[in-house]
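With the first letter of the sequence shown counted as 1, position 47 gets the number 159 in the working numbering; the numbers rise by one all the way through.
Using N, Cα and C, we set each Cβ at its ideal position, and we do this for glycine too.
Computed from a predicted model, the values in this text were never measured in an experiment.
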Amino acid sequence: MATIHSRITGTGSYLPGKPVTNPELIAAHNLESSDEWIVERTGIRARHLAPTGVAASDLAFEACKRALEAAGRPAGDVDLIIVATSTPDYVFPSTAALLQAKLGIGNGGVAFDLQAVCSGFVYALAVADKFIRSGSHKCALVIGAEVFSRILDWKDRGTCVLFGDGAGAVVLEASKTPGILATALHADGSHHGILSVPGQVCGGKVIGDPFLRMDGQAVFKFAVKVLADVAREVLDAANMTADQLDWLIPHQANVRILQSTAKKLHVPAEKCVVTVDHHGNTSAASIPLALDEVVRSGKVGAGDTVLLEGVGGGFTWGAALLKL
Ligand code: UT7
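As C-alpha cells, then:
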C-alpha cells in the first residue's frame, strides 16, 4: 500500500479591527510605559484586539473561510477540525465544535480543542498529521485562534503590552507526496508556575486569579534554549541541516527570542519570519498568522522548506518541518 503523507494545501488568517499602536494602548489603559521600552525590549509596535462579543470561534471562522478558499475545498470536505486555543468561547462545548457549526458542517467528523498555549498550533498540526497518516482522516482544518486580550490584567504593564488577538488556519490533506516531513513535541510540567492563568470557574465564581501571570526572564531563557533544541531535533529526524531551510517561522513572542533562535541555528536573519512587530504575541495563533502572511505576500510558496516551532505555558514546546 502506498504511504500516506499529509500536506498543507491552503492557509488563511484573520485579525480583528484596526491595529492598536503602543502609544494608543498606553493612553487607553493609563500605563506607566513607553513606546521606546516596548519596541526595544520586545520589537512590538502594534497588535489587534477583538471587540467585545467577538470570540475565538468567530476569528477562527474567518481564518478557515480563507484557508478553504485557498485550498479550493468546500467546508463539507473537512473531516477533522482541531482548534488550538487557551481562550475558548466557553468552558464547553469546544471552540472546534462551535466552529464546525459556523462552517455549516453537520455530522462533519471529528472536532476538538487542543490546549498547549503558545505551542498549540504546532501540537495541533502534529496531531492532525498523525490522524491523516493513519488513514483515518483525509482533510483537516488546523487552527490557532486566540482572544488573549480577555485574560490580560491591564494594570500589569509587564504582560498587557505583549499580547494580541487573531486566528490562523491551514488545510492539511492526505497526499501522495510528503508535506510534513517531521514533527517533535515536548512538555515539562515542572515549569508550570512561570507562565499561567492560575484561576478556575467553581460554584459560579472565579477561584484564584483569572489573569495571565508570567516570570518574563525565566520564560525568555527557557524559550531560547528549547526552540534551538527542538529545531535541531526535527532537522535530524528528516536528515536535514539548518542551511537547507528556506524559512524559519518561530512562535512570535519577542523579536529578541526570534533573533537569538535564528543565530543559534545559524539561520540568516532574513530567513526568519517576523510578524510580532505588528501582531504582538497571539499565542497559538502566531505561527499560522505568520505563515499565512508570508504565503499571501508571495514571499513563501510551493516547494519551500519551512520549519515551524513554538514554546509556551506548561511548559510545552514543539516543531514541525515541512515542504509547502
Ligand atoms: O509566548 C511565550 C510567552 N512569553 C514570552 O516569551 C515572553 C518572554 N519574556 C520577555 O519577552 C521579556 O522578559 C519581557 C519583554 C517580558 C520583559 O523584558 P525584560 O528585559 O526581561 O525586562 P524585565 O522583566 O527584567 O523588567 C525590566 C524593567 C523592570 O523595572 P525595574 O525593576 O528594572 O525598575 C520592569 O518593571 O522594566 C520594567 N517594565 C516596564 N517598563 C516599562 C516591565 N514592563 C514594562 C513596560 N514598560 N511595559
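Item, Value
"Candidates Leu297, Lys288 and His390: closest to glycine 422 by CA position", "Leu297"
"Identified DSSP bridge partners for histidine 141", "According to DSSP, histidine 141 bridges with nothing at all."
"Alpha-carbon to alpha-carbon, isoleucine 150 and alanine 354", "31 Å"
"Contacts around methionine 326, its chain only, beta-carbon distance under 6 Å, and the 5 residues preceding and following it disregarded", "Thr271 and Leu307"
"Sufficient close CB pairs (3 or more, under 8 Å) joining the region 125 to 132 to the region 166 to 182", "yes"
"Residues near glycine 291 in its chain [Cβ-Cβ closer than 7 Å; skip 5 each side]", "His117, Ser118, Arg119, Ile120, Leu434 and Lys435"
"Integer-rounded CB distance, given that isoleucine 399 should sit under 8 Å from phenylalanine 233", "5 Å"
"Straight-line gap, lysine 337 to lysine 376 (C-alpha atoms, nearest Å)", "9 Å"
"Cβ-based neighbour list, threonine 133, same chain, cut-off 7 Å, excluding 5 preceding and 5 following", "Arg157 and Ala158"
"Element boundaries [alpha helix (DSSP H), containing lysine 435]", "No alpha helix (DSSP H) holds lysine 435; the beta strand (DSSP E) holding it covers 428 to 435."
"Bounding residues of the beta strand (DSSP E) (the contiguous stretch that carries cysteine 314)", "311 to 314"
"C-alpha gap between glycine 413 and aspartate 358, whole angstroms", "10 Å"
"Cutoff 8 Å; reference glutamine 437; Cβ partners in own chain excluding five residues on either side", "Outside the modelled stretch of the chain, which goes from 113 to 436, sits residue 437, for which no answer is possible."
"Whether alanine 397 touches alanine 279 by CB criterion (8 Å)", "yes"
"Three-state secondary structure assigned by DSSP to serine 246", "helix"
"Bridge partner(s) assigned by DSSP for glycine 450", "Here the chain covers residues 113 to 436 and nothing more, so residue 450 does not appear."
"beta-carbon phenylalanine 332 near the ligand UT7 non-hydrogen atom, thresh 7 Å", "yes"
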